[in-house]
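Going down the list, the protein sequences come from chains A and B. Going letter by letter, the first sequence gives residues 862 to 1107 in my numbering. Going letter by letter, the second sequence gives residues 862 to 1107 in my numbering.
2 protein chains.
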Amino acid sequence: MNEKKVKKLSSLRIKKYRDKHRQFLIEGFRLTREALSAGTDLTALYCSESARDDLEKASAFRHVPVEIIQDKQLQKISDTVTPSGIIGVCAIPATDIESIPKNDNCIFLDSLNDPGNLGTIVRTAAWFGIHQIVLSENSADPYNPKAVRGGMGAHFYTTFYPNISAEWLQSCGKKILVADTGGDPIDAIENIPEPWILVMGSEASGVSENILSIDHQKMSIPKFGKGESLNVAVAAGIILSSLAKS
Amino acid sequence: MNEKKVKKLSSLRIKKYRDKHRQFLIEGFRLTREALSAGTDLTALYCSESARDDLEKASAFRHVPVEIIQDKQLQKISDTVTPSGIIGVCAIPATDIESIPKNDNCIFLDSLNDPGNLGTIVRTAAWFGIHQIVLSENSADPYNPKAVRGGMGAHFYTTFYPNISAEWLQSCGKKILVADTGGDPIDAIENIPEPWILVMGSEASGVSENILSIDHQKMSIPKFGKGESLNVAVAAGIILSSLAKS
């Protein structure tokens, strides 16, 4: 592989270049195998020379073109200190918020700026059957390498709608649920009408005022011990689990 | 501060030296304030020259001795790329598993090796009133800087029992609950006898065989969508929330 190509692929770690090329990177055998099995639009696959044996043993890659590149090239492209030997390039699908499925429950991430937490929320949402994630301005990019890693493959089953305003939320026709302290305790909540959209804010600043001014139902996780708050991905998991049961 | 002292404090980022000195570091105004309010055994507090104004504004530190050190010294001690200007040194309390409170519900972490997840579990456990955390050999160190950061102050309300074997678990006199796929779905579980001890394994390898051979009750989180597993801290949160309600 020539250095220009290495540089281009390595640039996909940065949002500006992901947006320009409409591509993102996935790393590791587990994740690339999952992408293949999900039928994800994989533009290319690269394996390092030293991982060639692992590649040959993995049946999932038998009929898939994989380019072997130098270890130091893969290291340059990779976001991790000890890359696992295989990297895939995936297309970022274009999405339109007007086409979001009318009857699907969704998640709205309001200025959620930690990519690791975002990735864990994508993974958790997929587990609970939520495959539509709407993101406000100022949210982290779901295709950030940390978010992709935290998603553990859930990205391949999720549609993302970035840069969506609170105005859209107001007119989206879904019941608006807001994770917040001081709302109805989740165990007292029954019969939430579907479809709903669950709004999660950032841990530091919570859900923004322009969303709280829209008609919504607050959901809180009762505290039995100590602490100011829960991790936002943990809170999302607890609320989604409770919604799945209601 | 002399360079030898900087070096000693900086060494506390490494487990070997935390064990030797029986001390760990906390970083940031939020965390050090929380430590003071919790009555934690703080050996020393260091503030960088450029954060002196923040320190003087913070009433929590008014009657507490804080040493001002050079920015570059604090940077050397810190575990983060952009340190927030204040670092505390806390004593690691000695604990004895024989003294674990007989009637308290507890968590057992079985080879949980990711410090970030460990910290988030400590934070989540404290929220649900669980303040006793038992760790197997091969688990991450709860005083690892990443674990402390993830704990968001919950460490100050938690007692840790490291290097505990499965044999102890067998004779601890608590109902053993194991988070695992293929167990009873959490929403079908009622009247769990207290005290219980919830075992969480690592995401990669689950709970070890020598624990599964002990009499226990499995708890699983039903899947409604896609994915092989949940993040271990998210799973702990969902199960603890369900136990709090049962």
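By construction, the Cβ of each residue, glycine as well, lies at the ideal position given by its N, Cα and C atoms. Quick caveat, the model's predicted, so the values are computed rather than measured.
Along chain A, in chain order, which residues have C-beta atoms closer than 9 Å to that of residue i?
{"i": "G1086 of chain B", "result": "A986, A987, W988, F989, G990, I991, H992, A1015 and Y1018"}
Quick check on residue i: buried or exposed, where buried means 16 or more other Cβ atoms within 10 Å of its Cβ?
{"i": "Q934 of chain A", "result": "buried"}
{"i": "S939 of chain B", "result": "buried"}
{"i": "V942 of chain B", "result": "exposed"}
{"i": "N1052 of chain B", "result": "exposed"}
{"i": "D971 of chain A", "result": "buried"}
{"i": "T1042 of chain A", "result": "exposed"}
{"i": "K918 of chain A", "result": "exposed"}
{"i": "I994 of chain B", "result": "buried"}
{"i": "K1035 of chain B", "result": "buried"}
{"i": "I875 of chain B", "result": "exposed"}
{"i": "A1105 of chain B", "result": "buried"}
Among residues of its own chain, excluding the 5 on either side of residue i, which ones have a beta-carbon nearer than 8 Å to its beta-carbon?
{"i": "Q931 of chain A", "result": "M862, S909 and E910"}
{"i": "H992 of chain A", "result": "D965, A986, Y1018, T1019 and T1020"}
{"i": "I1075 of chain A", "result": "A1027, L1030, Q1031 and I1037"}
{"i": "L897 of chain A", "result": "L903, A921, F922 and V925"}
{"i": "K963 of chain A", "result": "G1034 and P1056"}
If you drop the 5 nearest sequence neighbours on each side, which residues of the same chain put their C-beta closer than 7 Å to that of residue i?
{"i": "A1001 of chain A", "result": "L973, N974, D975, P976, L979 and A1008"}
{"i": "F885 of chain B", "result": "L873, R879, C951, I953, Y1004 and V1009"}
{"i": "P1046 of chain A", "result": "S1081 and P1083"}
{"i": "G1014 of chain A", "result": "L892 and E895"}
{"i": "N999 of chain A", "result": "S972 and N974"}
{"i": "R984 of chain A", "result": "G1011, G1012, M1013 and A1015"}
Measure the alpha-carbon distance for residue i versus residue j and round it to whole angstroms.
{"i": "V1068 of chain A", "j": "S997 of chain A", "result": "11 Å"}
{"i": "I1050 of chain B", "j": "M1080 of chain B", "result": "8 Å"}
{"i": "L870 of chain A", "j": "A1040 of chain A", "result": "38 Å"}
{"i": "Q936 of chain B", "j": "P944 of chain B", "result": "6 Å"}
{"i": "E959 of chain A", "j": "I1058 of chain A", "result": "15 Å"}
{"i": "R891 of chain B", "j": "V1093 of chain A", "result": "18 Å"}
{"i": "H882 of chain A", "j": "I1025 of chain A", "result": "21 Å"}
{"i": "P1056 of chain B", "j": "I968 of chain B", "result": "11 Å"}
{"i": "I1099 of chain A", "j": "G1098 of chain B", "result": "6 Å"}
{"i": "P1054 of chain A", "j": "Q1078 of chain A", "result": "11 Å"}
{"i": "N1071 of chain A", "j": "G990 of chain A", "result": "28 Å"}
{"i": "R913 of chain B", "j": "G1086 of chain A", "result": "33 Å"}
{"i": "G946 of chain B", "j": "G889 of chain A", "result": "37 Å"}
{"i": "L1073 of chain B", "j": "G1011 of chain A", "result": "28 Å"}
{"i": "V1095 of chain A", "j": "E1064 of chain B", "result": "15 Å"}
{"i": "H924 of chain A", "j": "G949 of chain A", "result": "15 Å"}
{"i": "G1088 of chain B", "j": "W988 of chain A", "result": "6 Å"}
{"i": "L1091 of chain A", "j": "V927 of chain A", "result": "42 Å"}
{"i": "A905 of chain B", "j": "I929 of chain B", "result": "11 Å"}
{"i": "Y907 of chain A", "j": "G1062 of chain B", "result": "33 Å"}
{"i": "L916 of chain B", "j": "A899 of chain B", "result": "19 Å"}
{"i": "I887 of chain B", "j": "V867 of chain B", "result": "15 Å"}
{"i": "E864 of chain A", "j": "G1044 of chain A", "result": "55 Å"}
{"i": "K877 of chain A", "j": "V1060 of chain A", "result": "26 Å"}
{"i": "S1066 of chain B", "j": "A955 of chain A", "result": "37 Å"}
Note down, in chain order, every chain C residue with its Cβ under 7 Å from the Cβ of residue i.
{"i": "T981 of chain A", "result": "You won't find chain C in this structure, because its protein chains are A and B."}
Residues of chain B with a CB under 9 Å from the CB of residue i: which are they?
{"i": "S872 of chain A", "result": "The premise fails here: S872 of chain A is roughly 21 Å from chain B at the closest Cβ pair, so nothing lies under 9 Å."}
So what does DSSP say about residue i, is it helix, strand or coil?
{"i": "L886 of chain A", "result": "strand"}
{"i": "L932 of chain A", "result": "Per the sequence shown, the amino acid found at residue 932 of chain A is Asp instead of Leu. Helix at D932 of chain A."}
{"i": "I938 of chain B", "result": "helix"}
{"i": "Y1018 of chain B", "result": "helix"}
{"i": "P1006 of chain A", "result": "helix"}
{"i": "I982 of chain B", "result": "helix"}
{"i": "L873 of chain B", "result": "coil"}
{"i": "P976 of chain A", "result": "helix"}
{"i": "A867 of chain B", "result": "The sequence as given places Val at residue 867 of chain B; Ala does not occur at that position. V867 of chain B falls in the helix class under three-state DSSP."}
{"i": "I1047 of chain A", "result": "helix"}
{"i": "A919 of chain B", "result": "coil"}
{"i": "D914 of chain B", "result": "helix"}
{"i": "K1084 of chain A", "result": "coil"}
{"i": "I1053 of chain B", "result": "coil"}
Taking Cβ-Cβ distances shorter than 8 Å, what residues in chain B pair up with residue i?
{"i": "A1105 of chain A", "result": "P1083 and F1085"}
{"i": "S1066 of chain A", "result": "Ordered by position in chain B, no residue passes the 8 Å Cβ test against S1066 of chain A, which lies about 14 Å from the chain."}
So residue i contacts chain A; which residues on that side make the cut at Cβ distance below 7 Å?
{"i": "I1099 of chain B", "result": "G1098, I1099 and S1102"}
{"i": "D1048 of chain B", "result": "K1106"}
Report all residues from its chain with a CB closer than 6 Å to the CB of residue i; omit the five preceding and five following residues, and keep chain order.
{"i": "S1103 of chain A", "result": "I1047"}
{"i": "T901 of chain A", "result": "C951 and F1017"}
{"i": "P1023 of chain A", "result": "L996"}
{"i": "I982 of chain A", "result": "A1094 and A1097"}
{"i": "I961 of chain B", "result": "Q993"}
{"i": "P1006 of chain B", "result": "R874 and D940"}
{"i": "I1101 of chain A", "result": "Per the sequence shown, the amino acid found at residue 1101 of chain A is Leu instead of Ile. Hits under 6 Å: F989."}
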